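Student: Shown below is the structure under consideration.
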Amino acid sequence: MKRHLAFQTYFIWSAIVLGLFGGFGLGAHMAYLLAFGLTPGKAFAAMVQVHGHLQLLGWTGLFIIGVSLFKLPRLMSSRPLHENVVWAIFGSLIAGLVSKSSAQILIFYTQSESTLRGFVMYGSLLESTGILIYFGILLKDSVAFRAQSNAYAAAGIKPFLLVSLVGWFLYALINGAVGIDFGRSSTEILPPAWNNIAIETYIHGVLLPTCFAFSISTFPIFLRLRAPTWPVSRVATLYGMGVFIYIAGLSAELCWTSVLGSWLRTVGVLLRTAAMFWFLIELDLFRLHLPWFRKFRDNQDREHRPPRRFAGDYGQFGNFEWLIYAAYAWLFLGAISELAALFFDFSISVSVIRHFYLLGFVSHLILGMAVRIVPGFLGRNQIAYPILVRLSFVFILLATIGRTLPVALSSLDNKALKIGYGFSGVIAMLAIAALGVNLAITIRRNKKSFG
Ligand code: HEM
């Protein structure tokens, strides 16, 4: 019988390299310029778009796709993937990301405008092709998947996964259309309003539901939380409705009527934040319910050698749970800020809320989950340096505070806050570098050299 493919580490390495030297590097450069009042170069507006895109599809997207292509076929007992298909997804995404991002900036510094416009357009189309192949595989597998009645973790992943699949599909279409528009026009940057819709679709339609799906299926084991015996489908349906009404609102505001558009957008925000609060309560991070194993056993299990108090391991993956708890605190803050901006005269920039979600929630979660799951995918039962996990926690936390707080409080014109903002990108790069080094050493070490 054909076996499932081994874990393809090139997804993780490219996510780290593109994140570190692309997305985070550009973010560090821009934040430094803005914080210290230096004059930005002529490509600055394009740089903002490239930073956002590399962070979204490069740093978070490659990580998610790499992990899903390994985990989901096993979890859903579907047919093993062919290596060529995985390569096709990876190759289109990397070729698309590199050609689109570099051409978008180079266009400001060379004479070959029409060629570079072509690179941006075909780059976007390549990215969308990679996404659509990935979408097709997961759609087929997840529609066919029927979890056994007591396989809660496997069943719990499906509802939010389906929401994320719709998100991926929409994102692929909008991303391709935005690229074609740029290729045919003479504007200096991608059409800002449609680019914004692409970003919102990706954040709320792809990233957050994927993070929720993986949290539901892994936290009962990793953090010893309750099993997903709660109505996951209802929460996911409410969330999905909120996201797609929200996106419809943004699109209607742009091409139809601003009154109906803003009304739909408000309803969308209300529904999806309500779903997020519901999800947070059900996930039970405050441990108000019995952990999953107490459903099946009367006593604490592993009495002779109990694991750590709030995790299912013995500390061999470092304090990855700090990153996970902090991630969910940022998610809460993001949702509260969105609501506050809706109801009160509370002006907080869209950029700050976005970074609560992206640098706060998603990047913390990736840093925490990567050290917990990747060693196991590769047959290692521990991470090389638990201390690096703690360091990455400190760095990413400081970076998120530095990236968001000074901008939210910019009216104070405080020097210390400006310095924090100016260096937030560099500090975030240290967090990603700590992850990269830790994973590289973990993978290089012979399985036996771990005690
Ligand atoms: C400390 C790390 C980071 C720094 C210093 C940083 C900095 C910036 C800056 C200066 C901008 C442009 C101005 C603005 O919108 O306020 C920006 C925009 C953006 N950032 Fe970040 N960022 C960081 C992390 C991230 C991460 C992790 C993500 C996604 C996973 C992300 C996604 C975005 C997006 C989507 C935009 C908007 C792009 C657009 O308008 O086309 N950023 N960031």
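Each residue of the sequence shown is one higher than the last, beginning at 28 in my numbering. Ideal placement from N, C-alpha and C gives every residue a C-beta, glycine not left out. Remember, predicted model here, so these are calculated numbers, not experimental data.
Would you mind listing the alpha helix (DSSP H) stretches within the segment 368–440 that are 4+ residues and don't spill past its ends, in chain order?
Tutor: The segment 368–440 contains these whole alpha helix (DSSP H) runs: 377–382, 390–404, 413–435.
Student: How about Gln82: is its Cβ closer than 7 angstroms to a heavy atom in ligand 1?
Tutor: Checking every heavy atom of ligand 1 against the Cβ of Gln82, one is found closer than 7 angstroms.
Student: Measure the C-alpha to C-alpha separation of Leu432 and His31 and round it to an integer number of angstroms.
Tutor: Cα to Cα, the separation comes out at about 45 angstroms.
Student: Taking buried to mean at least 16 other C-beta atoms within 10 Å of its own C-beta, is Pro402 buried or exposed?
Tutor: Classification for Pro402: buried.
Student: Give a yes or no on whether the C-beta atoms belonging to Val233 and Tyr198 are separated by under 8 angstroms.
Tutor: A contact, by the Cβ cut-off of 8 angstroms.
Student: Taking 8 angstroms as the cut-off, decide whether the C-beta atoms of Phe162 and Leu192 are in contact.
Tutor: Yes, the pair counts as a contact, with Cβ atoms nearer than the cut-off.
Student: Express the C-alpha separation of Lys442 and Pro186 in angstroms, rounding to a whole number.
Tutor: Roughly 46 angstroms separates the two Cα atoms.
Student: Would you check if the segment 73–89 and the segment 218–234 touch, i.e. whether three or more CB-CB distances between them fall below 8 angstroms?
Tutor: Flag = yes, the segment 218–234 and the segment 73–89 touch.
Student: If I follow the unbroken alpha helix (DSSP H) through Ala338, where does it start and stop?
Tutor: Where Ala338 is concerned, there is no enclosing alpha helix (DSSP H), given that its DSSP letter is neither H nor E.
Student: Which residues in the same chain have their Cβ closer than 7 angstroms to the Cβ of Ala460, if we skip the five residues on either side of it in sequence?
Tutor: Taken in chain order, the residues that qualify are Leu47.
Student: Closer than 6 angstroms from C-beta to any heavy atom of ligand 1: which residues, in chain order?
Tutor: Residues flagged by the Cβ proximity filter: Phe51, Gly54, Ala55, Met57, Ala58, Leu61, Val75, Gln76, His78, Gly79, Gln82, Leu83, Trp86, Thr87, Asn222, Ile226, Ser378, Arg381, His382, Leu385, Leu386, Val389, Ser390, Ala426, Arg430, Ser451, Gly452, Ala455.
Student: Please state if the CB of Leu188 and the CB of Ile351 are separated by a distance shorter than 8 angstroms.
Tutor: The answer is no: Cβ separation not under 8 angstroms.
Student: Please classify Asp208: does DSSP put it in a helix, a strand, or coil?
Tutor: In the structure shown, Asp208 sits in a helix (DSSP, three-state: H, G or I).
Student: Given Leu287, which residues of its chain have a CB within under 7 angstroms of its CB, disregarding the five upstream and five downstream residues?
Tutor: Excluding positions up to five away in sequence, the list reads Ala279.
Student: My output table needs one value for Asn111: the three-state DSSP class, helix, strand or coil.
Tutor: Three-state result, Asn111: helix.
Student: In angstroms, rounded to a whole number, what distance separates the CA positions of Val379 and Val434?
Tutor: For Val379 and Val434, the distance between alpha carbons rounds to 7 angstroms.
Student: Using a Cβ-Cβ cut-off of 6 angstroms (strictly less than) and excluding sequence neighbours within five positions of Val270, which residues of its own chain qualify?
Tutor: Closer than 6 angstroms at Cβ, skipping near neighbours: His231, Gly232, Arg299.
Student: I'd like the ranges of any alpha helix (DSSP H) spanning at least 4 consecutive residues and lying wholly in the segment 42–128.
Tutor: You should have 52–62, 71–80, 89–102.
Student: Can you give me the C-alpha to C-alpha distance between Gly478 and Gly339, rounded to a whole angstrom?
Tutor: With a pLDDT of only 47 at Gly478, under 50, the local geometry of the prediction cannot be trusted, and the value read off the model is given with reservation. Answer to the nearest angstrom: the Cα atoms are 19 angstroms apart.
Student: Taking Phe97 as the reference, which of Ile400, Ile454, Tyr412, Leu120 has the closest Cα?
Tutor: For Phe97, the nearest C-alpha among the options comes from Ile400.
Student: Exposed or buried, what is Arg173 when buried is set at 16 or more other beta-carbons lying within 10 Å of its beta-carbon?
Tutor: Exposed: under 16 other Cβ atoms inside 10 Å.
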